[in-house]
Amino acid sequence: MTERADRSLPCSPRPDAPRDRPIKRPDKGPDKGPKTMSHIMIRHLPALLLALLCPLAAAAQEGVASFGEGDTEITLRSTTDIAIIRPLIERFTATNPDLSVHYEQWGSNNLFTNSRAACDGRAEPADALLSSGAHQMLWLVNAACARPYRSPATEALPEQRRWRDELWGITEEPAVIIYNTEALDAEDVPRTRFALLDLMRKKPELLRSRIATYDIEDSGLGYLFAHADSLEATTFGAMLEAFSRIGAIATCCSLSIIEGVSEGRYYIAYNVLGSYAEARAAENVGIILPEDYTLMMTRSFVIPRNAPHPEAAQRLLDFLLSPPAQEMLRELGLIAASDPAETSLLPSARRLISLSPPLLLALDRSTRERLFRLWDEAFSADAG
């Protein structure tokens with residue numbers, strides 16, 4: 027692409043600013059917890075669109091950890107849960123004893139906001155970024171916020187997992203349907219989107235307020251999956267209508283949704299990150315790779331243009347792409363098995379969200395307006 031995206035994306039008010047519609051958050055106070063799908067959209071569309079890109083006036087990391095004792099400390103800002111990625115970063119510092127890693131865990135939208143500010147000199151830059159919000163990382167690359175790098179490891183990546191020597195996909199993780207095995211009979215377990223639609227039609231009372239998904243306003247990953255669904259699925263419109271009809275819940279984040287299914291607060295959750303479900307789900311949580319198609323997300327690695335230690339960040343990237351690290355990622359569930367004998371999923375049903383220019387459409391203003399308008403129209407009335 028010869029033109030670069032407009033970098034003057036405006037910021038929204040804080041999510042806890044006054045809204046025209048009340049948002050129900052049972053037992054968690056006025057500003058936290060899940061939203062019913064019938065209340066998740068702000069009546070004024072422009073404010074909602076801005077909230078996607080800049081959800082917080084002052085974004086902050088969710089957790090911090092330190093690894094290694096090397097004299098050169100690099101900062102890695104990532105959306106990956108510290109507990110899940112810990113073994114991998116420990117292996118990196120063990121094999122690179124001159125380096126240490128200051129690891130910051132962020133939500134995807136907050137990481138995007140912070141990274142844009144760092145690119146413009148309004149915040150301290152990281153040495154490396156690793157985000158589930160691939161569309162947001164692609165925007166940073168297109169806005170000249172990334173540093174190019176090429177090595178045998180990066181060149182060995184499939185084309186779908188690299189772009190312009192500035193963005194690299196480290197993982198392949200599915201968006202899955204999970205369910206409480208004690209709440210659903212075996213014949214009701216939905217193995218396709220069509221089956222889920224049919225179940226919501228046949229048993230609305232069983233599922234009323236018992237289906238959860240990501241809140242696309244608060245979750246960059248949730249928005250990415252919804253955008254991909256809107257392009258891929260003929261069932262997308264019907265799914266939104268059915269979610270509205272049975273009062274589904276939109277909430278954040280992966281781990282709380284998985285916990286909610288295990289505890290029986292939700293019976294089914296849609297488009298949940300499969301790697302986290304595999305790592306954290308209890309025995310009473312079943313995991314389904316939808317047989318009609320399964321979206322695959324790749325966590326995207328960027329070296330910021332103004333990274334303080336770019337050479338060390340390059341060493342981290344090459345490590346993450348090395349065969350031993352990729353095998354560790356498979357063991358951690360961050361690279362999904364591709365053998366149909368293991369997954370019961372045909373190769374033709376895998377839909378990797380490619381790191382390519384069309385992904386920029388996810389942040390195009392007209393695309394956002396269309397997607398949020400569909401959600402607003404579907405969820406503007408109370409279920410029932």
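To convert, take the position in the sequence shown, counting from 1, and add 26; that gives our numbering.
We put the CB at the ideal spot given by N, CA and C, even for glycine.
- The segment 337-357 makes no contact with the segment 275-293: fewer than 3 CB pairs, one atom from each, lie closer than 8 Å.
- When secondary structure is reduced to three states using DSSP, Pro336 falls in the helix class.
- By the CB criterion at 8 Å, Ser92 and His128 fall inside the cutoff.
- For the set Arg325, Ser256, Ala221 and Thr106, the Cα lying nearest the Cα of Glu88 is the one of Thr106.
- According to the DSSP assignment, Glu285 belongs to the alpha helix (DSSP H) that extends over Ser280 to Glu289.
- Shown here, Ala303 sits in a helix according to DSSP, grouped into three states.
- Each residue's CA atom was taken as its position, placing Pro350 and Leu225 some 43 Å apart.
- With contacts defined as CB atoms closer than 8 Å, Ile329 and Tyr175 qualify as a contacting pair.
- DSSP places Ile110 within a helical segment (H, G or I) once states are collapsed to three.
- Per the C-alpha coordinates, the member of Pro184, Arg173, Leu387 and Leu233 positioned closest to Gly195 is Pro184.
- Using a Cβ distance threshold of 8 Å, Thr239 and Ala295 count as a contacting pair.
- The C-beta separation of Ala252 from Ile242 comes to about 5 Å, placing the pair in contact by the 8 Å criterion.
- Taken through DSSP and simplified to helix, strand or coil, Pro330 comes out as strand.
- For the pair Thr320 and Arg236, the CB atoms are not nearer than the 8 Å cut-off.
- Between the segment 303-318 and the segment 197-208 there are three or more inter-stretch CB-CB distances shorter than 8 Å, so the stretches are counted as touching.
- With respect to the C-alpha of Met354, the residue from Gly96, Phe118, Thr180 and Leu102 having the closest C-alpha is Phe118.
- Taking all protein chains shown into account, Glu199 has 16 or more neighbouring C-beta atoms within 10 Å of its C-beta and is therefore buried.
- It is roughly 9 Å from the alpha-carbon of Cys145 to the alpha-carbon of Ala172.
- Taking C-beta atoms as the reference points, Ser301 and Gly359 count as a pair closer than 8 Å.
- Counting only the Cα atoms, Lys228 lies some 45 Å from Leu155.
- In terms of Cβ geometry, Leu223 and Ala179 do not form a close pair [threshold 8 Å].
- For Thr207, the CB contacts under 6 Å within the same chain, skipping 5 residues up- and downstream, are Asn310 and Gly312 in chain order.
- Straight-line measurement puts the Cα of Leu299 at about 15 Å from the Cα of Arg356.
- Following the DSSP letters along the chain, one finds Leu386 in no beta strand (DSSP E), marked with neither H nor E.
- In this model, Gln162 and Phe220 are separated by some 30 Å (Cα to Cα).
- Within its own chain, the residues whose Cβ lies closer than 6 Å to the Cβ of Glu99, once the five positions on either side in sequence are excluded, are Ser126 and His128, listed in chain order.
- Here Leu389 is buried. Its C-beta has 16 or more other C-beta atoms within 10 Å.
- The criterion of a C-beta distance shorter than 8 Å is satisfied by Leu102 and Ala152.
- Within the segment 206-280, the complete alpha helix (DSSP H) segments at least 4 residues long are 219-228, 230-233, 246-258 and 262-271, listed from N- to C-terminus.
- For Met322 and Leu378, the gap between their C-alpha atoms comes out near 4 Å.
- Between Ala363 and Leu250, the C-beta gap is not smaller than 8 Å, which leaves the two residues out of contact.
- By the 16-neighbour rule on beta-carbons within 10 angstroms, Ala307 is buried.
- A distance below 8 Å separates the beta carbons of Ser256 and Leu397.
- Bounds of the beta strand (DSSP E) holding Arg376 are Arg376 to Leu378.
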